[in-house]
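First up is the structure itself, then whatever we jot down about it.
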């Protein structure tokens with residue numbers, strides 16, 4: 049009986065440690081990591097506002113510089129604030145509806161740059177039908193005088209953004 053207890057105790061401790069580490073968000077600590085996590089929350093709040101046709105929140109979370117880059121779920125690459133803004137204006141005009149949220153957030157911190165990797169899950173409404181979203185994404189934030197601002201977003205492409213009769217998210221520079 050003692051051998052059985054001795055075997056289960058280490059296994060139980062490993063299971064608890066694994067569960068606790070898997071649930072820990074963010075993956076680094078401190079005030080700056082919390083500020084980056086909040087900036088990421090604001091980005092997703094702005095993204096959901098885009099789905100409702102509201103552009104202003106997205107404009108406030110991005111750095112308005114020539115070196116920002118957006119590689120979104122429709123493919124393509126926009127470089128510089130002017131091109132990135134044009135893409136967000138286009139997406140806002142689609143009024144897709146729905147909501148997405150980040151999961152499995154991992155933050156890598158630098159002094160004035162932070163990389164946030166996560167999975168985006170949720171849904172949009174395409175041609176009146178809900179479409180499930182589950183893609184990987186990376187957001188890069190730069191520390192500016194007014195807080196952490198998005199300087200890059202790179203996502204997987206969405207399966208329903210194809211070139212058919214009703215392309216969604218397809219944006220050509």
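Numbering (the working numbering), first residue to last: 49 to 221. The beta-carbon is built from N, C-alpha and C at its ideal position, and this holds for glycine as well. The model shown is predicted, which means the values in this text are computed figures rather than measured ones.
* To do: State the start and end residues of the unbroken beta strand (DSSP E) segment that holds residue 109.
  => To locate residue 109, count along the chain shown from 1; it is residue 61. Careful: residue 109 lies outside any beta strand (DSSP E), inside the alpha helix (DSSP H) at 104 to 109.
Is it the case that the region 188 to 197 contacts the region 145 to 162, given that we only count it when at least three CB pairs across the two stretches are under 8 angstroms? yes
Cβ separation of residue 117 and residue 200, assumed to be a contact under 8 angstroms, to the nearest whole Å: As a first step, residue 117 is located in the chain shown; it is residue number 69 there, counting from the start. As a first step, residue 200 is located in the chain shown; it is residue number 152 there, counting from the start. That pair is a contact at about 5 angstroms.
Report task. Can you grab the Cα-Cα spacing for the pair residue 122 / residue 202, in whole Å? Result -> Mapped onto the chain shown, residue 122 falls at position 74. Mapped onto the chain shown, residue 202 falls at position 154. Roughly 11 angstroms between the two C-alpha positions.
Only counting the same chain, and skipping five residues up and downstream in sequence, which positions put a Cβ closer than 6 angstroms to that of residue 112?
Reading the chain shown from its first residue, position 64 is the one you call residue 112. Listed in chain order, the non-local C-beta contacts of residue 112 below 6 angstroms within the same chain comprise 129, local neighbours out to five positions each way being set aside.
Boundaries of the beta strand (DSSP E) in which residue 191 is found, first to last residue: One-based indexing of the chain shown puts residue 191 at position 143. Note, residue 191: beta strand (DSSP E), 177 to 192.
inquiry  = Looking only at its chain, what residues have a beta carbon closer than 6 angstroms to the beta carbon of residue 156, apart from the 5 residues adjacent to it on each side?
reply    = Within the chain shown, the letter at position 108 stands for residue 156. 163, listed in sequence order.
Smallest Cα separation from residue 147: which of 96, 81 and 80? For the purposes of this step, residue 147 is identified with residue 99 of the chain shown, where counting begins at 1. Checked all of 96, 81 and 80; the closest Cα to residue 147 is 96.
- Message: Going by beta-carbon coordinates alone, are residue 173 and residue 183 separated by less than 8 angstroms?
- Response: As a working note, residue 173 is residue 125 in the chain shown. As a working note, residue 183 is residue 135 in the chain shown. No, Cβ-Cβ distance for residue 173 and residue 183 is not below 8 angstroms.
Item to check | Spatial neighbours of residue 143 in its chain, beta-carbon cut-off 8 angstroms, leaving aside the 5 residues before and after | outcome: The count along the chain shown starts at 1 and reaches residue 143 at position 95. The residues are 99, 100 and 101.
Grouping DSSP H, G and I as helix and E and B as strand, with all else coil, what is residue 116?
Here residue 116 refers to the residue found at position 68 when the chain shown is read from its first residue. Coil.
| Leaving out five residues before and five after residue 151 in sequence, what residues of the same chain have Cβ atoms less than 8 angstroms from its Cβ? | Stepping through the chain shown from its first residue, residue 151 is reached at position 103. So the list reads 166, 167, 168 and 169, once near-sequence residues are dropped.
Rounded C-alpha distance that separates residue 106 from residue 91: Here residue 106 refers to the residue found at position 58 when the chain shown is read from its first residue. Here residue 91 refers to the residue found at position 43 when the chain shown is read from its first residue. When rounded, the distance between both Cα atoms is 7 angstroms.
For residue 104 and residue 77, I'd like the C-alpha separation in whole angstroms. Position 56 of the chain shown, counted from the start, is the residue given in the question as residue 104. Position 29 of the chain shown, counted from the start, is the residue given in the question as residue 77. C-alpha separation (whole angstroms): 30 angstroms.
Next on the checklist: Nearest by alpha-carbon distance to residue 83: which of 119, 179, 185 and 158 is it?
Outcome noted: The residue labelled residue 83 in the question sits at position 35 within the chain shown. Taking only the C-alpha atoms, the option nearest residue 83 is 158.
Can you confirm whether residue 141, when its beta carbon is compared against all beta carbons of chain B, has any partner nearer than 8 angstroms? Within the model displayed, chain B is absent; a lone protein chain is all it includes.
Where residue 80 and residue 197 are concerned, what is the direct C-alpha to C-alpha distance, given to the nearest angstrom? Position 32 of the chain shown holds residue 80. Position 149 of the chain shown holds residue 197. Residue 80 and residue 197: Cα-Cα distance of roughly 13 angstroms.
| Which of the three DSSP states, helix, strand or coil, is assigned to residue 39? | Residue 39 falls outside the range modelled here, since the chain spans only 49 to 221, and no answer is possible.
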